[in-house]
Structure formats: structure tokens, C-alpha cells
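Step one of this worksheet: look at the structure below.
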Amino acid sequence: MLHDRLLVQSDEEAGERRSSGGIVIPATAALGARRLSWSKVVSTGPQARAVQVGDRVLFDPEDKAEVEVHGEVYVVMRERDVHAVASERLEGGSTGLYL
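For the sequence shown, my numbering puts the final residue at 130, and the numbers step up evenly by one.
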């Protein structure tokens with residue numbers, strides 16, 4: 032990866048959802064508002080500062096560029112397109128600056 036680019040892999044469980052009443056909502060269902068997606072970071076460019084490999088990032092799936100590598104589908108994005116970072120490396124049990 033070059034510059035501040037990130038290579039992320041979408042979560043498989045992000046497809047179907049269940050409403051509080053137990054109704055299954057398919058991933059293709061259109062919602063009134065745009066829905067952000069969580070993905071796992073697979074690779075980062077050398078200038079990515081707030082994101083590391085293994086973090087989960089929240090981003091807008093409508094602004095994505097997909098690429099297929101060895102049969103797996105990944106998303107390439109810039110670090111500035113990330114809305115939030117969920118990380119295990121934060122100390123003290125606090126959420127830190129990014130989430």
C-alpha cells in the first residue's frame with residue numbers, strides 16, 4: 032500500500048441484520064439514511080498514522096473502491112475516509128481519541 036491508503040476486508044456478519052422484533056433485514060434492503068460499515072484493516076501504507084493492521088474501521092461503503100486479490104474481495108480507501116477506529120491496543124479500558 033502507498034501513502035495513507037488502507038486495505039480492508041468487510042465483516043461477513045455485516046450482511047443480514049435482525050430488528051428488535053426478530054424480523055430478518057437483508058443486506059440489500061434500502062434504508063432511508065446511509066449506513067456505515069465496519070471492516071478489518073489488512074494492510075496500511077507507510078503514512079497511515081491513526082490506523083494499524085488488525086484494527087476495525089468504520090467507513091461509508093458508498094465511497095469505496097473494491098479490488099479482488101486471490102479470490103478475496105477487499106476495499107482500498109484513504110485514511111481520511113475512516114469515520115472511527117476500534118482498537119484493542121488502547122490502554123486503561125478507555126475508548127481513546129478515535130472511538
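Cβ coordinates follow ideal geometry from the N, Cα and C atoms, glycine included.
Quick check: what's the CA-CA separation for residue i versus residue j?
i, j, result
"P77", "G52", "46 Å"
"K71", "L33", "18 Å"
"S118", "R87", "7 Å"
Under three-state DSSP, which class holds residue i?
i, result
"R109", "strand"
"E119", "coil"
Starting from the C-beta of residue i, find all residues in its chain whose C-beta is less than 7 Å away, skip the five residues before and the five after it, and write them out in chain order.
i, result
"K95", "V106, M108"
"L38", "M32, V73, S74, Y105, V107"
Which residues in the same chain as residue i place their Cβ atom closer than 8 Å to its Cβ, once the five residues preceding and following it in sequence are excluded?
i, result
"D112", "F90, D91, D94"
"R36", "T75, G76, A79, V107, M108, R109, E110"
"V82", "L37, V72, T75, V88, E110, V113, V116"
Would you list the residues sitting across from residue i in a DSSP beta bridge?
i, result
"L140", "Because the chain is modelled from 32 through 130, residue 140 falls outside the range shown and cannot be assessed."
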